[in-house]
Amino acid sequence: MKRSKVRFWLFLAPALISFTIICVIPMIVGFYYAFTNWDGVDMNPTVVGFDNFTRMFSTDSDFLRALLFTSLVAVVTIILVNAVGLLLAIFVTQKFKGANLLRSVLFMPNLIGGLLLGFTWNFIFTSVFSSIGTALNLDFLKGWLSNTETGFMGLIILNVWQMSGYMMIIYIAQLQHIPASVKEAAKIDGANWWQTFRSVTFPLVMPAFTIGLFLTIANSFKMFDQNLALTKGGPYRSTEMLALNIYNSAFAANQYGYAQAKAIIFLIVVAGIGLIQLVVTKKKEVEM
Amino acid sequence: MVGVKKTEKIVINKKGRLKRTIFSIIALIIGVIFVFPIYILALSSFKTQKGLLSNIVGFPDSTTFSPKNYVEAFNKLKYLQSFCNSLYISVCSVILILLISTMAAWVLVRYKTKVSKAIFVVFALFMLVPFQCVMVPLLVVAKNMNLLNPVGLIFMYMGFGASMSILMIHGFIKNVPEELEEAAVIDGCNVVQLFFLIVVPLLRVILITVAILNIMWIWNDYLLPSIVINKAGWQTLPLMTYSFFGSYSTRWDLASAALIMCITPIVIFYLFSQKYIVNGMTDGAIK
């Protein structure tokens, strides 16, 4: 077929132009700002070289804490969300009344925006927990979100509640690819439930783990709305995650250049994880 | 022989039925745990502030029942206006994202040149970039181009949405045979007819998926609108919810009603398009 170059560029133009203005140009400008001390007002900021980068890793304890806190939240979330998601997937693929309804219910929290979820759980942790705690004299239910530990647990509970239904759906898709004959063969060989799970189901679900793991890592690292609505980073910035830390540097402290430098580090972390995912997934595909 | 088989079958049936009943009970417990936060929230939204303090888990009684929480929250949220703002921005953005991404993805697949491949890689790579990376410089660009308004926001969603949408549609078009398009050209189709009458209908499945992934994200998005259109009259539901909590953070009677009003449209949307949403989110993750 004869193809005109004009057609190519005409069809590409709308996407290319909006993408360039909204993503590419800010990205390039951003790299420049990361090496300046720009405060958002002065239109001719001074170039300060790598000062922003050395500062964040040497003197900015809030940033380092945010980095550590984010990693901690991510690790615990990844383990719990995927474990719960897989167990739920195995459970709802059994035959019983209400299995489909349960599936729908479990998936739903994932669609509600992070902000709404954060506020909802804020209510549960601060009002409902303390009321129940007072009524039943349970001290561990009182004062949630007022210290780092309960703030951390709050974020984890929210994450598990929000994301495990999503992981469940992904694992269900994989479970349905396992032929029934394989499980029947295991049964005939005398395998019990646990043996079947460990030696048949689990290895065959492995490919979905790559997706599940990286989705949860990416979501946990990029988390912003939930963090903002649930704890706002408090008390004393101790539950502030990376995205919120960058946001506060930019809009609360007006250190635009510094915030941009942090964002570059953030990019390296998130993109690094994403690229590892691509490599691992591609490798898996070859093996299969 | 026959008799033995029959009893065996009954035993198995009984065992199966018992197992199923136990499963249903476990399912009920899991379901209750998952629904609990929303259930408590819904209960609270009908209580007075005093009722919340005295009995948070129980049903409201005649002295603590307060349906007018909803009226007050409705007014404070400027619900109708914020809802329409959200709807306008989400629907316009998604339609435009679908249009520009399909157009781009189509030529990116059908033109197998080096330039075409390079452009595709740039689009795909941007999926890895977190929003915070472009947040501040985007504001500068937007200010200079006079984009800090709802139309500007829609334009931004086009830019941000293009990346993932092109990637997914591109993957789909690759598996659509080209012969159909060639036949249409021989029959005298021009480019516009070819695109809208032949190509787009073939992409129905993937377009629904992409539309759903985008609408869920844009409808719930808080950060981008908060820095672009945070002005009276332009605010979307997430923006109003956030500012509402700034002023009424201790009034959980009103706040719970506000949250329920914001969650309800999402639940209704889910009930009507559950199949597409679940498929879309699964495909989106796997691709």
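Chains as they are written, first to last, in this note's numbering: chain A, 17 to 304; chain B, 1155 to 1441.
Where a beta carbon is used, it is the ideal one built from N, C-alpha and C, also for glycine.
Quiz item: Which chain A residues are close to B/MET1370, counting only those with a beta carbon under 7 Å from its beta carbon?
Solution: Near B/MET1370 (Cβ distances below 7 Å), the residues of chain A are LEU127.
Quiz prompt | Outcome for A/MET17 when other beta-carbon atoms lying within 10 angstroms are tallied against a minimum of 16 | solution = Caution applies to A/MET17, whose pLDDT of 47 falls short of 50 and renders its modelled position unreliable; the value that the coordinates give is listed next. That one is exposed.
Quiz item: Are any of the Cβ atoms in chain B nearer than 7 Å to that of A/MET14?
Solution: Residue 14 of chain A lies beyond the range of chain A shown here (17 to 304); nothing can be said about it.
Quiz item: Does the Cβ of A/PHE305 have 16 or more other Cβ atoms within 10 Å, making it buried, or fewer, making it exposed?
Solution: This structure gives no information on residue 305 of chain A, because the portion of chain A shown stretches from 17 to 304.
Practice problem: Quick one: grab the DSSP three-state call for A/LYS21. | Solution: Correct three-state label for A/LYS21: helix.
Quiz item: At which residues does the alpha helix (DSSP H) containing B/GLN1389 begin and terminate?
Solution: Note, B/GLN1389: premise wrong, no alpha helix (DSSP H); not H, not E.
Practice problem: Going by CA-CA distance only, name the one from A/MET257, A/ALA287, A/ALA279 that's closest to A/LEU83. | Solution: Nearest in C-alpha terms to A/LEU83, of all of A/MET257, A/ALA287, A/ALA279, is A/MET257.
Practice problem: Inspect the beta-carbon positions of A/PRO30 and B/VAL1288 and report whether they are closer than 7 Å. | Solution: Taking 7 Å as the Cβ cut-off, A/PRO30 and B/VAL1288 do not qualify as a contacting pair.
Practice problem: Can you give me the Cβ contacts of B/GLY1205 inside the same chain, cut-off strictly under 6 Å, excluding the 5 residues immediately before and after it? | Solution: Shown here for B/GLY1205: same chain residues with a beta carbon closer than 6 Å to its own, the five before and five after excluded, namely PRO1214, THR1218 in chain order.
Exercise. Could you say which of B/GLY1342, B/ILE1383, B/VAL1359 lies nearest to B/ASN1329 if we only look at CA atoms?
Key: Checking every option, the nearest Cα to that of B/ASN1329 belongs to B/VAL1359.
Quiz item: Within this structure, are the beta carbons of B/PHE1177 and A/PHE112 separated by less than 7 Å?
Solution: The Cβ atoms of B/PHE1177 and A/PHE112 lie closer than 7 Å to each other.
Quiz prompt | Where B/MET1257 falls, given that 16 or more other Cβ within 10 Å makes a residue buried | solution = The residue is buried, with at least 16 neighbouring Cβ atoms inside 10 Å.
Practice problem: Indicate whether at least one CB of chain B lies closer than 7 Å to the CB of A/ASP58. | Solution: False, the Cβ-Cβ gap to chain B never drops below 7 Å.
Quiz prompt | Beta-carbon proximity check, A/GLY250 vs A/TYR49, cutoff 7 Å | solution = With a cutoff of 7 Å on beta-carbon distance, A/GLY250 and A/TYR49 are scored as not near each other.
Practice problem: Let me know the secondary structure DSSP gives B/PHE1280 once reduced to three states. | Solution: Reduced to three states, the DSSP call for B/PHE1280 is helix.
Quiz prompt | DSSP-derived helix/strand/coil call for A/VAL63 | solution = When DSSP states are grouped into helix, strand and coil, A/VAL63 belongs to the strand group.
Exercise. Kindly say whether B/GLN1389, judged by its beta-carbon, lies nearer than 7 Å to any beta-carbon of chain A.
Key: Chain A contact via Cβ: absent.
Quiz prompt | Backbone CA spacing between A/ASP241 and B/MET1415 [nearest angstrom] | solution = The straight-line gap from Cα to Cα measures roughly 19 Å.
Quiz item: Any residues in the segment 115-141 of chain A with a beta carbon nearer than 8 Å to a beta carbon of chain B? Which ones, in chain order?
Solution: Residues are counted here when their Cβ sits less than 8 Å from a Cβ of chain B; for the segment 115-141 of chain A these are ALA115, LEU117, LEU118, SER120, VAL121, LEU122, PHE123, MET124, PRO125, ASN126, LEU127, ILE128, GLY129, GLY130, LEU131, LEU132, PHE135, THR136, TRP137, PHE139, ILE140, given in chain order.
Practice problem: Could you say if the segment 87-106 of chain A and the segment 1364-1372 of chain B meet the contact criterion of at least three C-beta pairs nearer than 8 Å? | Solution: Look at the beta carbons and you see the segment 87-106 of chain A not touching the segment 1364-1372 of chain B: under three pairs across the two are nearer than 8 Å.
Exercise. Would you identify the three-state DSSP class for A/THR109, choosing helix, strand or coil?
Key: Three-state result, A/THR109: coil.
Practice problem: Ignore the nearest five residues each way along the sequence and tell me which others in B/PRO1392's own chain have a CB closer than 6 Å to its CB. | Solution: Its chain contains TYR1376 as the residues whose beta carbon lies nearer than 6 Å to that of B/PRO1392, once the 5 sequence neighbours on both sides are disregarded; these appear in chain order.
Quiz item: Out of curiosity, what's the CA-to-CA distance linking A/LYS203 and B/ILE1183?
Solution: Rounded to the nearest whole angstrom, the CA to CA distance from A/LYS203 to B/ILE1183 is 29 Å.
Quiz item: Whose CA, out of B/TRP1373, B/TYR1396, B/ILE1431, lies closest to the CA of B/ASN1384?
Solution: Of all alpha-carbon atoms in B/TRP1373, B/TYR1396, B/ILE1431, the one lying nearest the alpha-carbon of B/ASN1384 is that of B/TYR1396.
Quiz item: Taking just the CA atoms, how far does B/MET1312 sit from A/VAL108?
Solution: Answer to the nearest angstrom: the Cα atoms are 38 Å apart.
Quiz prompt | Distance, B/VAL1295 Cα to B/ALA1386 Cα | solution = Each residue's Cα considered, the two are about 23 Å apart.
Quiz item: Quick one, which of A/LEU127, A/MET222, A/ALA279 has its alpha-carbon nearest A/TRP177's?
Solution: Ranked by how close their Cα comes to the Cα of A/TRP177, the residues A/LEU127, A/MET222, A/ALA279 have A/LEU127 in first place.
Quiz prompt | B/LYS1271 (DSSP reduced to helix, strand or coil) | solution = In the structure shown, B/LYS1271 sits in a helix (DSSP, three-state: H, G or I).
Quiz prompt | A/TYR263 versus B/PRO1191: straight-line alpha-carbon distance, rounded | solution = Their backbone Cα atoms lie some 29 Å apart in a straight line.
Self-check item: Residue burial classification, B/PHE1238 (beta-carbon count within 10 angstroms, cutoff 16)
Solution: According to the sequence as given, residue 1238 of chain B is Cys; it is not Phe. Classified as exposed, B/CYS1238 has fewer than 16 neighbouring CB atoms from the shown chains inside 10 Å of its CB.
Quiz item: Does A/SER147 come within less than 7 Å of chain B when only Cβ atoms are used?
Solution: Yes, contact with chain B.
Quiz item: With 16 other CB atoms within 10 Å as the buried threshold, where does B/GLU1332 fall?
Solution: Per the 10 Å Cβ criterion, exposed.
Quiz item: Closest to A/TRP54 by CA distance: which of A/GLN293, A/GLN276, A/LEU294, A/LEU122 is it?
Solution: Relative to A/TRP54, the option among A/GLN293, A/GLN276, A/LEU294, A/LEU122 whose CA is nearest is A/GLN276.
Exercise. Would you mind telling me which residues of chain B sit closer than 8 Å to A/ARG23, beta carbon to beta carbon, in chain order?
Key: Taking a Cβ-Cβ threshold of 8 Å, the residues of chain B close to A/ARG23 are VAL1261, VAL1345, in chain order.
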